[in-house]
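Okay, structure first, notes after.
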Ligand SMILES: Cc1ncc(COP(=O)(O)O)c(C=O)c1O
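Residue numbers (the working numbering): 1052 to 1413.
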């Protein structure tokens, strides 16, 4: 069987996998309400919020779409972009708010206050929006610092934490983040099928003040109405809810901060291995992601390394968008990938340094 070191869907624990076979019950029943309530309370602790966490059946893209459709129409929104997922977030927003602006820096560089201060000062947006962990390039942005600066300028903050929540430090209320999105199938170690939008009271009030929400199925006013009864408005992805509950129980049994540490340790193994193999981390120093490590091994080697790793049963990811065919990415996201990182880096060292020299010639 293959071992997967890709940025999701991630492998899940056996108990989580088995939990997905739970009974199919009505989402207007007590068992579902209990399931929903437990998942919501546990998710609040992972987001670090006492606010709302809505669970939407779908993937991270849908959570982002729900966030921008409900929060950003008729506002002055500024997106801080440093890669494919930041760009997609911005493109989704432009559908609901054609005036949304983007400030883009080079892929691989990290976003911090120093780099975004001037554009925030110049534009004075009502919302500052960014991705915490740019999965396409393995870069983690300084959400804490940027949120504090945006707040000091009177802006609200929307963060995509799709590939960081549960794996990289994130403290929604403490850092002053008003709205945040994520998904089940990455650092939380749950199956795919659920996406989350977390909102504080100010963000919810902002939505409730809107006359018209330009979406039916993703209208978060409707989600709130049902949320207050521990229900979803529409048919939920029940197998994933069962899997999520088990994955969140396991997360809390390990401890959230321990999980962050596990990701940091696995990331360190990946970074050391790629350096020993003669490659450079694509991420700028100080912004290296703890859930994904990207590197450029030389175009001719990309497919050869991936194939040689696969022949050892180790699956890693290639590049996305403009980095397709140029980049390799080793994910260490979720509890199973982080625990098995040794196998991945051992295979990489073998492939690159020893026996397989001949496969590296394109
Ligand atoms: C940072 C980030 N945002 C959004 C998404 C989109 O998520 P999904 O593929 O679940 O729709 C991804 C997926 O990898 C991601 O990494």
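For every residue, glycine included, the Cβ atom is placed at its ideal position computed from N, Cα and C.
6 Å CB neighbourhood of residue 1095 in its chain, flanking five on each side removed: Within the same chain, residue 1095 has close Cβ partners 1104.
With residue 1091 as the anchor, note down where its beta strand (DSSP E) starts and where it stops. Annotation: residue 1091 is outside any beta strand (DSSP E); the continuous alpha helix (DSSP H) that includes it extends over 1081-1098.
Would you call the CB atoms of residue 1326 and residue 1363 closer than 8 Å? No, the Cβ-Cβ distance between residue 1326 and residue 1363 is not below 8 Å.
Going by DSSP, which residues form a beta bridge with residue 1107? According to DSSP, residue 1107 bridges with 1246.
Between which two residues does the alpha helix (DSSP H) harbouring residue 1397 extend? For residue 1397, the enclosing alpha helix (DSSP H) starts and ends at 1392-1404.
Terminal residues of the continuous beta strand (DSSP E) containing residue 1233? Its beta strand (DSSP E) spans residues 1230-1234.
If the criterion is Cβ atoms closer than 8 Å, does the pair residue 1370 and residue 1378 meet it? Taking 8 Å as the Cβ cut-off, residue 1370 and residue 1378 qualify as a contacting pair.
DSSP three-state call for residue 1407: helix, strand or coil? Annotation note: pLDDT 47 at residue 1407 (below 50); position unreliable, coordinate value reported separately. Coil at residue 1407, not helix or strand.
Taking 7 Å as the cut-off, is the C-beta of residue 1336 nearer than that to any heavy atom in ligand 1? Remark: the C-beta of residue 1336 is outside contact range of ligand 1, defined as less than 7 Å to any heavy atom.
Is there at least one Cβ from chain D nearer than 8 Å to residue 1197's Cβ? Here chain D cannot be found, since the structure has a single protein chain.
CB of residue 1188 within 8 Å of CB of residue 1158, strictly: With respect to the 8 Å criterion, residue 1188 and residue 1158 are classified as neighbours on the basis of their beta carbons.
Can you name, in chain order, every residue of its own chain whose Cβ lies under 7 Å from the Cβ of residue 1281, other than the five neighbours on each side? Taken in chain order, the residues that qualify are 1084, 1087 and 1088.
Nonlocal neighbours in the same chain, by C-beta distance under 7 Å from residue 1078, ignoring five residues either side: Hits under 7 Å: 1282, 1283, 1286 and 1287.
Check whether the Cβ atoms of residue 1367 and residue 1058 sit closer than 8 Å, and answer yes or no. Cβ atoms of residue 1367 and residue 1058: not closer than 8 Å.
Pull up the CB-CB distance for residue 1144 and residue 1128, whole angstroms please, since I reckon it's below 8 Å. Between the beta-carbon of residue 1144 and that of residue 1128 there is about 6 Å, and that keeps the pair under the 8 Å contact cut.
With DSSP as the reference, label residue 1150 as helix, strand or coil. Residue 1150 falls in the coil class under three-state DSSP.
Please state if the CB of residue 1245 and the CB of residue 1106 are separated by a distance shorter than 8 Å. Yes. Within cutoff.
Neighbour-count burial assignment, residue 1075, 16 or more Cβ in a 10 Å radius: Within a 10 Å sphere around the beta-carbon of residue 1075 sit fewer than 16 other beta-carbons, which makes this residue exposed.
Cα-Cα separation between residue 1349 and residue 1271, rounded to whole angstroms: Taking the straight line from one Cα to the other gives about 46 Å.
Residue 1396 Cβ short of 7 Å to ligand 1 heavy atom set: Within the chosen limit of 7 Å, ligand 1 does not reach the beta carbon of residue 1396 with any heavy atom.
Spatially closest choice to residue 1120 from 1264, 1292, 1337 and 1331, by CA coordinates: When the alpha-carbon of residue 1120 is set against those of 1264, 1292, 1337 and 1331, the nearest one is in 1264.
Quick check: what's the CA-CA separation for residue 1099 versus residue 1355? It is roughly 42 Å from the alpha-carbon of residue 1099 to the alpha-carbon of residue 1355.
How should residue 1204 be labelled, buried or exposed, when 16 other C-beta atoms within 10 angstroms of its C-beta is the threshold for buried? That one is exposed.
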